[in-house]
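Everything on this sheet refers to the single structure shown next.
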Amino acid sequence: MTDDSGATSHRAAHLELDEQVADRLRDRLSVVAERTVTAITAEVPDYSGTLTGQMRDKIENAVRIALGTFLQLVERAEESDRSTPLNRALEAAYALGSGEARSGRSMDALLAAYRVGARVAWREVSTTTVRSGLSAETVAEFAELLFAYIDELSAASVAGHADELASAGRTRRRYLERLTQQLLAGEPEDVLRRSAERAEWPPPHTLTVAVLPRSNLRAVLAVLNPHTLESGEDLPGVELAEEPAVLLVPDMHGARRRRLVTALHGHRAALGPARPWTRVAESYQRVLRTLALDLERPADGAPLDTEAHLARLVLGTDPAALADLREQVLRPLAELAPATAQRLAETLRSWLLHQGRRDDVAADLFVHPQTVRYRMGRIRELYGDRLNDPATVLDLTLALAFPPPPWGVARA
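Under our numbering, the final residue of the sequence shown carries the number 425; numbering is consecutive throughout.
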């Protein structure tokens, strides 16, 4: 807290207040404090039902101490160190503002209470000073000093409130960051629930992971649920041209997913599946696996949706096993020239995917239907009755579900 006590202390040095007047004012402190709290309760709605019982006694005592400090400041006007009593009052005001922030109230109510308190206190104090025979000039100086004192107390409370909010905000951000990392790491449910409670984060039904360039983050967050969590760490096993950000978006399952796709449109994002919030690590891992496949991005700017690439993800789970399967089921083509083997493999793939419809295969390969008939004749010669075996057809379908690498290229 900064030391702002100089202005009031300096003004107090020029105010002459005899001992009798000071004693009369001191005798009125309890009455002034009681009437001040009564007025605050009546005029400031946020305090109408809170300043009762012990709380009212504490506030009245605080008002007495504040006004007593003011009188002490005036009485010690000629001393060299006039800041000591005021510093204590400012510290108390700072703590009051901090407490209001912890209670979840804004400064509006406390500043209104200060205004009401200043008015009531001056009404009581001015009556005493006038009746004591002080000159109009001295009464005016007294009023100026009193309101300057209240302003300094208000400023100290504002500083306490702001500092508490900043500190609480930093603490909560740390808790949210820790929760996010625990969610992505797949920590046990009991750990996640404790962390969510500590971070004051309301658990949703589901979370969906989205990864996008950090440069696009602000625009996307502006249209998402305010409880969306965010992480900025590097993605394991994935290399991206830009620094990535990971979002955990609440309750975008079912029909709501379309809204999330729309929000991510044009932002070069990758989108995982919705999962129960304690299992969002599954969504994160699926996004990582999809990005590792280095798939071509949709040309229309839509996000790379993992739900549209499930088959490729399944087949990409064990690349070595897929390569072995291809080598095994395509062995009948191994003795052919690479170009011929490549054409026959492509034809066999299209024939499987189009369930043997010759015209559809020809359109897919941009060849004449007779060419398809000729190639399939060659393939039947090589495979024989195995093409009628469901197990062989399944293996071939899996092996050729996606175009294989050029024939003869060594596998990783």
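Glycine included, each C-beta is placed from N, C-alpha and C at the ideal position. For clarity, every value in this text was computed on a predicted model and none was experimentally measured.
Between the Cα of L103 and the Cα atoms of A268, Q195 and A172, which residue gives the shortest distance? Checked all of A268, Q195 and A172; the closest Cα to L103 is A172.
Residues near V251 by beta carbon distance below 7 angstroms, same chain, minus five either side: Excluding sequence neighbours, V251 sits near L301, L304 and A305.
Whose CA, out of V76, T219 and V50, lies closest to the CA of P286? Considering only alpha carbons, the answer is T219.
Nearest-angstrom Cβ-Cβ length linking A283 and V224, presumed shorter than 8 angstroms: Rounded, the Cβ-Cβ distance is 5 angstroms, consistent with contact.
Rounded to whole angstroms, what's the CA-CA distance from D94 to G112? Just pull it up for me. Confidence in D94 is poor, its pLDDT being 47 and thus under 50, which makes the residue's placement unreliable; the coordinate value appears in the next sentence. If you take the alpha carbons of D94 and G112, they lie about 29 angstroms apart.
Can you look up R41 in the DSSP assignment and give me helix, strand or coil? The answer is coil: DSSP assigns R41 none of H, G, I, E or B.
Output the boundary residues of the beta strand (DSSP E) element that contains S208. Annotation for S208: no beta strand (DSSP E) segment contains it, though the alpha helix (DSSP H) segment containing it runs E202 to R211.
Since I believe V274 is in contact with D318 (beta carbons under 8 angstroms), could you give me their beta-carbon distance rounded to a whole number of angstroms? In this structure D318 touches V274 by the C-beta definition: roughly 7 angstroms separates them, less than 8 angstroms.
Please list the terminal residues of the continuous alpha helix (DSSP H) segment that includes L468. This structure cannot speak to residue 468, because the chain is shown only from 14 to 425.
From A179, S61 and E295, pick the residue whose C-alpha is nearest to that of L196; which is it? Ranked by how close their Cα comes to the Cα of L196, the residues A179, S61 and E295 have E295 in first place.
Would the beta-carbon of F160 fall within 9 angstroms of that of T142? Contact flag unset, no.
CA-CA distance, A292 and R227? Here residue 292 is Arg; the residue named in the question, Ala, does not match the sequence. Spanning the two alpha carbons is a distance of roughly 24 angstroms.
Enumerate in chain order the residues of its own chain whose CB-to-CB distance from D372 is below 8 angstroms, with the five nearest sequence positions on each side excluded. If you ignore the 5 residues before and after D372, its C-beta comes within less than 8 angstroms of the C-beta of P382, all in its own chain and listed in chain order.
In DSSP terms, what D318 is bridged to: Here D318 is bridged, per DSSP, to L284.
For the candidate residues P215, H240, Q194 and V222, whose alpha-carbon lies nearest to that of H266? When P215, H240, Q194 and V222 are compared, the shortest CA-CA separation from H266 is found for V222.
What is the DSSP secondary structure of R95, reduced to helix, strand or coil? Its pLDDT being 48, under 50, R95 is placed unreliably by the model, and the measurement read from it follows with that caveat. Coil at R95, not helix or strand.
Inter-residue Cα distance where the pair is W135 and R69: The straight-line gap from Cα to Cα measures roughly 21 angstroms.
I need the DSSP call for E340, collapsed to helix, strand or coil. In this structure, DSSP gives E340 a helical state, which the three-state scheme calls helix.
Whole angstroms is fine: what's the gap from R77's alpha carbon to A168's? The C-alpha of A168 is placed about 19 angstroms away from the C-alpha of R77.
Rounding to the nearest angstrom, what Cα-Cα distance links R206 and P289 in this structure? Rounded to whole angstroms, the separation of the alpha carbons of P289 and R206 is 13 angstroms.
Find out if the Cβ-Cβ distance for the pair V138, V50 is shorter than 9 angstroms. Judged by beta-carbon spacing, V50 lies beyond the 9 angstroms limit of V138, meaning their Cβ atoms are not closer than that value.
Please report the distance separating the alpha-carbon of Q355 from that of V380. Taking the straight line joining both Cα atoms gives about 15 angstroms.
Let's see if you can read the secondary structure: which residues bound the beta strand (DSSP E) around P263? It spans P257 to P263 - the beta strand (DSSP E) in which P263 sits, taken as one unbroken run.
P473 by DSSP, collapsed to three states: which one? Outside the modelled stretch of the chain, which goes from 14 to 425, sits residue 473, for which no answer is possible.
Could you compute how far the alpha carbon of L411 sits from the alpha carbon of G397? Roughly 19 angstroms between the two C-alpha positions.
Could you check whether L277 and P217 sit closer than 9 angstroms to each other, using their CB atoms as the reference points? Inclusion of P217 and L277 in the CB contact set at 9 angstroms is not warranted, their separation being larger than that value.
Inter-residue CB distance, R39 and L84 (contact presumed, cutoff 8 angstroms): R39 to L84, Cβ: 6 angstroms. Contact.
Using DSSP with H/G/I as helix, E/B as strand and the rest coil, what is P226? Here P226 sits in strand by DSSP.
Cβ separation of L357 and L366, assumed to be a contact under 8 angstroms, to the nearest whole Å: At roughly 15 angstroms, the Cβ-Cβ gap does not stay under 8 angstroms, so L357 and L366 are not in contact.
Beta strand (DSSP E) segment containing S432, residue limits: A query on residue 432 cannot be resolved here, the shown segment of the chain reaching from 14 to 425 and no further.
Indicate whether H174 and W214 have their beta-carbon atoms separated by less than 9 angstroms. No, these two residues do not count as a Cβ contact at 9 angstroms.
Per DSSP, which one or two residues make a beta bridge with P419? None; P419 has no bridge partner.
Between the C-alpha atoms of L409 and P311, what's the straight-line distance to the nearest angstrom? The C-alpha of L409 lies about 28 angstroms from the C-alpha of P311.
Under 8 angstroms Cβ to Cβ from G81, same chain only, skipping five residues before and after it: list those, please. Within the same chain, G81 has close Cβ partners R39 and L42.
E309: which of A179, Q298, H322 and V129 sits nearest, CA to CA? Distance check between E309 and each of A179, Q298, H322 and V129 places H322 closest, using alpha-carbon atoms only.
What residue does the alpha helix (DSSP H) around E359 start on, and which one ends it? Taken as a continuous stretch (DSSP letters only), the alpha helix (DSSP H) holding E359 covers P351 to L366.
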